[in-house]
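A quick write-up on the structure given underneath.
Right under this line is the structure:
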């Protein structure tokens with residue numbers, strides 16, 4: 001993985017933490033490269049005690065800045081979701097259930113997009129959706145909001 005990718009993600013993370021995700025600024029969020037076998041571009045592992053790890057796949061190297069910002073905003077939205085669940089153990093149970101249920105996982109992913117839009121990153125979430133649909137044919141709209149849904153939420157503000 002290019003040495004420049006992790007600092008680029010860290011920069012995006014810090015910009016978002018200073019912007020629409022200020023409430024997460026007290027979290028200790030580390031950025032690490034993902035292992036070789038994974039099915040994500042960027043994923044967040046939420047730990048106890050306000051700690052999280054953003055795992056970055058090398059495929060993100062090709063992402064334009066706006067797309068990467070949308071992706072980081074989406075992952076930070078998962079931390080917001082976890083904070084809404086008062087107890088860490090309940091969040092972990094929810095996490096396991098979402099792995100077992102595609103429907104629950106889809107709802108969680110769609111909700112993360114909505115949170116990103118509500119926090120001022122609608123343009124970036126839209127850029128992410130368009131990019132993934134154009135460059136990754138295996139990416140399905142069942143996993144996230146459709147472009148039309150994103151536009152409707154973004155432009156209603």
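Residue numbers (the UniProt record's numbering): 1 to 157.
For each residue, glycine too, the CB sits at the ideal point set by N, CA and C.
Own chain residues within Cβ distance below 8 Å of residue i, not counting five before or after
i          : result
residue 6  : 31, 32, 33, 56
residue 40 : 34, 55, 57
residue 38 : 55, 57
Opening and closing residue of the alpha helix (DSSP H) in which residue i lies
i           : result
residue 83  : 65-84
residue 119 : Per DSSP, residue 119 belongs to no alpha helix (DSSP H) and is neither H nor E.
Proximity of residue i and residue j at Cβ, strictly below 7 Å
i           : j           : result
residue 144 : residue 113 : yes
residue 75  : residue 44  : yes
Buried versus exposed call for residue i [16 or more other C-beta atoms within 10 Å across all chains shown]
i           : result
residue 136 : exposed
residue 148 : exposed
residue 121 : buried
residue 70  : buried
residue 51  : exposed
7 Å CB neighbourhood of residue i in its chain, flanking five on each side removed
i           : result
residue 151 : 126
residue 17  : 24, 25
Cβ shell of residue i (< 6 Å), same chain only, five flanking positions each side left out
i           : result
residue 128 : 67, 70, 71
Residue i - partner residues in DSSP beta bridges
i          : result
residue 28 : 51
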